[in-house]
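Residue numbers (this note's numbering), protein chains in the order written: chain A, 1 to 192; chain B, 193 to 540.
#1: Nearest to residue 555 of chain B by alpha carbon, out of B:329, B:401, B:396?
#2: Tell me whether residue 352 of chain B sits in a helix, a strand or coil according to DSSP, three-state version.
#3: Of the residues B:382, B:434, B:459, B:474, which one's Cα is nearest the Cα of residue 533 of chain B?
#4: Rounded to the nearest angstrom, what separates residue 526 of chain B and residue 369 of chain B at their Cα positions?
#5: Taking a cut of 8 Å between CB atoms, which residues from the segment 273 to 292 of chain B lie near chain A?
#6: What are the partner residues of residue 141 of chain A, as DSSP defines its beta bridges?
#7: Rounded to the nearest angstrom, how far is the Cβ of residue 530 of chain B from that of residue 443 of chain B, given a contact under 8 Å?
#8: How about residue 91 of chain A and residue 78 of chain A: do their beta carbons lie closer than 7 Å?
#9: Fully enclosed by the segment 396 to 431 of chain B, which alpha helix (DSSP H) runs are 4 residues long or longer?
#10: Which partner residues does residue 183 of chain A have in the DSSP bridge list?
#11: Roughly how many whole angstroms lie between the Cα atoms of residue 259 of chain B and residue 208 of chain B?
#12: Going by DSSP in three states, residue 267 of chain B sits in which element: helix, strand or coil?
#13: Find the residues of chain A that neighbour residue 262 of chain B, judging by a C-beta separation of less than 7 Å, and give them in chain order.
#14: Cα-Cα, which of A:96, A:32, A:88, A:122 is closest to residue 102 of chain A?
#15: What does residue 230 of chain B reach in chain A if we use C-beta pairs closer than 8 Å?
#16: Could you tell me whether the Cβ atoms of residue 457 of chain B and residue 422 of chain B are closer together than 7 Å?
#17: If you run the structure through DSSP and keep just helix, strand and coil, what is residue 25 of chain A?
#18: Considering only C-alpha positions, which residue in the set B:314, B:407, B:452 is nearest to residue 429 of chain B?
#19: Within the 7 Å Cβ cut-off, does residue 175 of chain A reach chain B?
#20: Evaluate contact between the segment 43 to 57 of chain A and the segment 130 to 140 of chain A, counting only Cβ atoms and requiring at least three cross-stretch pairs below 8 Å.
#21: Around the Cβ of residue 277 of chain B, are there at least 16 other Cβ atoms within 10 angstroms (buried) or fewer (exposed)?
#22: State the Cα-Cα distance for the pair residue 131 of chain A and residue 296 of chain B, rounded to the nearest angstrom.
#23: Tell me whether residue 31 of chain A is buried or exposed, calling it buried when 16 or more other Cβ atoms sit within 10 Å of its Cβ.
#24: Could you tell me whether any Cβ in chain A is nearer than 7 Å to the Cβ of residue 255 of chain B?
#25: Report the three-state DSSP secondary structure of residue 81 of chain A (helix, strand or coil).
#26: By the 10 Å Cβ neighbour count, where 16 or more other Cβ atoms means buried, how is residue 538 of chain B classified, buried or exposed?
#27: CA-CA distance, residue 128 of chain A and residue 74 of chain A?
#28: How many Å lie between residue 186 of chain A and residue 120 of chain A at the Cα?
#29: Who are the near neighbours of residue 182 of chain A in its chain, counting only those whose CB is closer than 8 Å to its CB and skipping five residues on each side?
#30: Since I believe residue 320 of chain B is in contact with residue 498 of chain B (beta carbons under 8 Å), could you give me their beta-carbon distance rounded to a whole number of angstroms?
#31: In this structure, does DSSP put residue 118 of chain A in helix, strand or coil?
#32: In chain B, which residues lie less than 7 Å from residue 54 of chain A when you measure between Cβ atoms?
#33: Is there a C-beta anywhere in chain B that falls below 7 Å from the one on residue 105 of chain A?
#34: In the structure shown, what three-state DSSP assignment does residue 470 of chain B receive?
#35: With distances taken Cα to Cα, identify the nearest neighbour of residue 500 of chain B among B:234, B:485, B:512.
#36: Count the other C-beta atoms from every protein chain shown that fall within 10 angstroms of the C-beta of residue 480 of chain B, then say buried if there are 16 or more, exposed otherwise.
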């Protein structure tokens, strides 16, 4: 009886710990800016790992909803593994900062970069209540644009301007990054 | 329902053609994109990329060239991967656009065909009405010219008959007298037909119950054609008619049926799409050779008939804003359709 109760308690604790590990943690930075530290479990997810090795720029889009309002994109993380140099090329765009491209030499460096708190938005309301969405896009906007142009050129050879326009329109509406994975958390974060 | 038949047929034809077209396009687009996104192509590019990495280690001096090749392969792979992710969506859109274009084109073609059929039908009606109108005028004049001498000849014949009877001469004179009388009667009948056509006026239309009108006709004319019964079927509908002129149409149809050996004539009121009355008999029917020209003046199967009855009847129905048509029916009997209430009366 006692053993069974202890097992239940242990399982509950493990589940709570695992849940805490898969949730972002939030802090308040100077200027009442709420920052989020994304969990490593996302980066080590099998599907995400496979995507990171595709040679394309995996883009993590962070968006928030407040009080039934439509979603607003507040941050973006871009990661591409360069097979030639065997480095991680990363960039982060967040509140008040335009991201610089960085070269990270190892997976450990990538994980450290990933855990750096991500500045989301400034608020004066405490506690700040919002929904946080994390969407994983399989490629970046630049890669999408480049592929469209490439296909458009390839499709335009030997066709009339009108046909080429139709091909462009068709491609323009079909080559678009759509999320391959997503997470959502409901957050209630008191300001300091 | 008959009026919708071409539309239903066209819709089915367009749907079937669109389905076939979609199947063809599905195959074509699938093959097209399949060629572009073949796994073998990707595998070859990945191998080429790996080869450049290996070559760099073996031959560091030409590292720049290997890097260039590596980047080219990587770019191509990235593009193919992006295309592959949108493949299903692209094929679907491509097929949808083509199918829509094809369906619209087919629908437009079907619409044009229907429109042309309708215009041809209206043109035929107008031409017929104009032809009958011209014939009416000629008939009126000829009937007028014939009537005078015909009356005089008949009066003279009656007088000579009295003289023959008084003198009690041979039976040959009596037979000749009888023969001339019969010829004159035939001429008089022909003239009455002409006069009937020439004197055909415009109908004075009033909304009336078709059922009541047909019931009354069947009761009144129950014994008019010995051996032939008259009946009415179908739900009542109201139509704009001129009773007297419509009765003339019914009399003409019944007379033809009786002459064709019919034992029954059934009038069926049908109001599912346009208002129609079908007159169906069980006589010998209309010979196929005559069916195309049956409404033309002077076309008849009976030597003693002037062949104006159906021409007059169709003219009356056209003046009603409708038409009179012969339905090709399988088996014995003939079926005519009296159509009412069409709004397009441009031929009037």
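Even glycine gets a Cβ: it sits at the ideal position worked out from N, Cα and C. Given the structure is predicted, the values throughout are model-derived calculations rather than measurements.
Looking at the atomic coordinates:
#1: Past the boundaries of the shown model lies residue 555 of chain B; chain B is included only from 193 to 540, so the question cannot be answered.
#2: If DSSP states are grouped into helix, strand and coil, residue 352 of chain B belongs with the helices.
#3: B:434
#4: 41 Å
#5: 273, 274, 275, 277, 278, 281, 282, 285, 286, 289
#6: Paired residue(s): none; residue 141 of chain A is not in a bridge.
#7: Taking 8 Å as the upper bound for CB-CB distance, residue 530 of chain B and residue 443 of chain B are not in contact here, some 13 Å apart.
#8: yes
#9: 402 to 412
#10: DSSP, once it has assigned bridges, lists A:134 as partnering residue 183 of chain A.
#11: 55 Å
#12: helix
#13: Ordered by position in chain A, the residues that pass the 7 Å Cβ test against residue 262 of chain B are 84.
#14: A:88
#15: Those within 8 Å of residue 230 of chain B in chain A number zero; the least Cβ separation is about 16 Å.
#16: yes
#17: strand
#18: B:407
#19: yes
#20: yes
#21: Result: buried.
#22: 46 Å
#23: exposed
#24: Put simply, the CB of residue 255 of chain B is far from chain A, with every gap to its CB atoms at 7 Å or more.
#25: strand
#26: Bear in mind that a pLDDT of 39 at residue 538 of chain B, under 50, signals an unreliable position, so the model cannot answer this.
#27: 15 Å
#28: 14 Å
#29: 133, 134, 135, 136
#30: Between residue 320 of chain B and residue 498 of chain B the Cβ distance is about 18 Å, and since that is not below 8 Å, they are no contact.
#31: strand
#32: Correct list: 273.
#33: Not closer than 7 Å to any Cβ of chain B, the Cβ of residue 105 of chain A fails to qualify, so no.
#34: DSSP places residue 470 of chain B in strand when its eight states are reduced to three.
#35: Scanning B:234, B:485, B:512 for the CA closest to the CA of residue 500 of chain B turns up B:485.
#36: exposed
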